Amino acid sequence: MTYLALRRARAIALACPLLIATPALAFDASGNEIADTFFEIFEAGKATVTGYDSVEEDGDTVTITGLRAAINDNGSKTEMTIATMSFEEGEIASGGGLTASAMSMNGVAIQSQEDGKDVNVTVAAIDIDDPVLPSAATVKAKASADAVAPSYSRAEITGILIDSGKEGKIPVSSVVAVIDEMDGELPTAGSLTVEGVEISAESLDAEERKTLTDLGYDKVVLGLSLEADWDPNTGALDISDLTISGTEAATLNASLKLNGLTREVFAKLEAAQGKPEEAMGIMQGLQVVSLSLRLDNESLVDRLLDAQAKESGATREQFVGQLSAALPMLLSAIGNPDFQKSVSGAATAFLNDPQSISATAAPAAPVPFAQLLGTAMMAPQTLPTILGVTVAANQD
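Residue numbers (mature numbering (1 follows the signal peptide of the UniProt record, and there is no 0)): -26 to -1, 1 to 370.
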């Protein structure tokens, strides 16, 4: 429920809920061209502007106060209020869209109801640089899309609180998205940063709360960062950095390079959503260039080992020794002795001194997905060799 609420909040507050199926316009015209164009775009989907307090123009800035809106989407009811919303240097595009040098919202509150459960999301501020909102006509024409989001160069959401009632509250300090390059409506280069996602014991159910507190945590504060670059012409996708971190826990870093994800392949994958077999067939033309994973431990692994040792009635040293001794047998199912020895050695070193552990796939030449799938079925023990996988522990 929390994930659905966050996704809905992002879609409404950041992308503006420009959903399909256009109803009759319900808003009262303000007489201000910028504000009325925004209301028209806003209502080009299942959103309805139910009211606003005022629209004022001061130089190049148009400010809407007390905006109220509602959405009824297949039984999921959502109401939203925005205390103040402003456009700086707003202009009406020739096709009826709306552009501005900046768009900001303050005091955003979203109330959603799904499956009879209420979820409230509040946002202190949303600041968007260089927003480009599509015209109402464009929204209507894209009847196959779930939503039409505005493009922008940078968007920042701060002071987020997701309140799922009895299921708990999750605050998020900030979300920052930067788009460096676009290909039509598709972002092709940019970054995403999420900071201060606070998971507290009181926000979890009894079993999850026990798991967290048994590890000695009252709360865990998570963060995420992503940098990616995609060339839709050549099909090269480079996720140069994906980092997920938890304070006093651990940091996971990943990177990935793929070939073959062209504009046409991407469109086919979009059309195949909800059809896993069809999507799998499309993906067989992709190629893995490289992949890396690295876990840097702060204290999470130590806490896990201590907890498991306590549960088994052994000291940590005894538990680590037992686990290390069992690794060769556990890994024998791989059927690749050299790789098994490498993994066992790295894992043993990490368990005895948990600093970091990493795995890197660097094949001599890009490996097609089709080859990987075939190998996984016919000779899985050769996958580490084909991909050039290496595993290492406690290396800088």
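Glycine residues also receive a C-beta, built at the ideal position from the N, C-alpha and C atoms.
Just so it is clear, the structure is predicted and the values come from calculations on it, not from any experiment.
Check: So is G19 buried or exposed if we call it buried at 16+ other beta carbons inside 10 Å?
Finding: It counts as buried.
Item checked: Spatial distance of A212 from M352 (CA atoms) -> Just to set this straight, residue 212 is Asp in the shown sequence, not Ala. Cα-Cα distance, rounded: 29 Å.
Item checked: Whole runs of the beta strand (DSSP E) within the segment 11 to 78, excluding any shorter than 3 residues -> Within the segment 11 to 78, the complete beta strand (DSSP E) segments of 3 residues or longer fall at 21 to 25, 28 to 32, 35 to 47 and 50 to 62, listed in chain order.
Item checked: the ligand FAD heavy atom lying under 7 Å from the CB of D10 -> Among the ligands in the structure shown, none appear at all, so the ligand FAD cannot be discussed.
Notebook entry, point to check: So which of V113, R183 and Y126 has the shortest CA-CA distance to V106?
Noted result: Among V113, R183 and Y126, the Cα nearest to that of V106 belongs to Y126.
Margin query: Does P340 come out as helix, strand or coil in the three-state DSSP assignment?
Written below: P340 carries a coil assignment under DSSP once its states are collapsed to helix, strand and coil.
Item checked: Ordered list of beta strand (DSSP E) runs contained in the segment 143 to 184, each at least 3 residues -> Correct list: 143 to 157 and 160 to 174.
Check: Whose C-alpha, out of G309, L196, G220 and L41, is nearest the C-alpha of A350?
Finding: Looking at the Cα atoms, G309 is the closest of the given residues.
Next item on the list: Identify every residue that forms a DSSP beta bridge with R128.
Entry: Looking at the DSSP output, R128 bridges to D103 and V152.
Check: By Cβ distance, which residues of its chain are closer than 6 Å to A3, with the 5 residues on each side in sequence left out?
Finding: Within the same chain, Cβ atoms closer than 6 Å to the Cβ of A3 are found at D10, the five residues on either side in sequence being excluded.
Next item on the list: List the residues that DSSP assigns as beta-bridge partners of L135.
Entry: Residue pairing by DSSP places L135 opposite T96 and P145 in a beta bridge.
Item checked: Alpha-carbon spacing of A223 relative to S273, whole angstroms -> Straight-line spacing of the CA atoms in A223 and S273 works out to 5 Å.
Checklist line | alpha helix (DSSP H) segments (min. 4 residues) lying fully within the segment 213 to 298 | finding: Listed in chain order, the complete alpha helix (DSSP H) runs (minimum 4 residues) inside the segment 213 to 298 are 237 to 245, 250 to 257 and 274 to 286.
Margin query: Short of 7 Å in beta carbon distance, which residues of its chain neighbour Q329, apart from the five on each side in sequence? Order them along the chain.
Written below: Answer for Q329: N271 and N368, listed in chain order.
Notebook entry, point to check: How about L325 and S298: are their beta carbons less than 8 Å apart?
Noted result: In this structure, the beta-carbon distance from L325 to S298 falls below 8 Å.
Item checked: For residue 379: DSSP bridge partner residues -> The displayed coordinates of the chain run from -26 to 370. Any statement about residue 379 would go beyond what the structure contains.
Next item on the list: If I'm right that S109 touches I38 with Cβ under 8 Å, what's the distance once you round it to whole angstroms?
Entry: With a Cβ gap of about 19 Å, S109 and I38 do not count as contacting.
Checklist line | Enclosing alpha helix (DSSP H) for T112 [first to last residue] | finding: Here the alpha helix (DSSP H) through T112 covers A110 to A115.
Check: With which residues is V194 paired in a DSSP beta bridge?
Finding: In the DSSP assignment, V194 is bridged to I173.
Next item on the list: Classify N80 as helix, strand or coil using the three-state DSSP reduction.
Entry: Looking at N80 - three-state DSSP - the assignment turns out to be strand.
Item checked: 6 Å Cβ shell around E130 - same chain, five flanking residues per side excluded -> Around E130: D101 and V150.
Notebook entry, point to check: Between the Cα of S78 and the Cα atoms of Q85, G70 and G64, which residue gives the shortest distance?
Noted result: That would be G64, whose Cα lies nearest to the Cα of S78.
Checklist line | Burial state of E155 (16 or more Cβ within 10 Å) | finding: Burial state of E155 is exposed, judged by a 10 Å Cβ sphere holding fewer than 16 other Cβ atoms.
Next item on the list: Can you give me the Cβ contacts of E30 inside the same chain, cut-off strictly under 7 Å, excluding the 5 residues immediately before and after it?
Entry: If we look at E30 and ignore the five residues flanking it on each side, its Cβ neighbours are T37.
Checklist line | Beta-bridge pairing of Q85 - partner residues as DSSP gives them | finding: DSSP lists E53 and N94 as partners of Q85.
Check: Are the beta-carbon atoms of S332 and S266 separated by less than 8 Å?
Finding: Yes, the pair counts as a contact, with Cβ atoms nearer than the cut-off.
Notebook entry, point to check: Going along the chain, which residues of its own chain have a beta-carbon closer than 7 Å to the beta-carbon of S177, five neighbours each way excluded?
Noted result: The beta carbon of S177 is closer than 7 Å to those of G142, K143 and I144 in its chain, skipping five residues each way along the sequence.
Margin query: Buried or exposed, going by whether 16 or more other CB atoms sit within 10 Å of the CB of A(-6)?
Written below: Because A(-6) sits at a pLDDT of 33, beneath the cut-off of 50, its placement in the model cannot be relied upon, and the point is left open.
Checklist line | Spatial distance of A336 from F343 (CA atoms) | finding: The straight-line gap from Cα to Cα measures roughly 15 Å.
Margin query: Between G33, T236 and V23, which has its C-alpha nearest M54's C-alpha?
Written below: It is V23.
Check: Just checking my contact of I66 with E7 at CB under 8 Å: how many whole Å lie between their CB atoms?
Finding: Between E7 and I66 the Cβ distance is about 6 Å, and since that is below 8 Å, they are a contact.
Check: Between the C-alpha atoms of S214 and I153, what's the straight-line distance to the nearest angstrom?
Finding: Roughly 15 Å separates the two Cα atoms.
Notebook entry, point to check: Using the rule of at least 16 other Cβ atoms within 10 Å of the residue's Cβ for burial, across every protein chain shown, is G71 buried or exposed?
Noted result: Classification of G71: buried, given that the 10 Å Cβ count is 16 or more.
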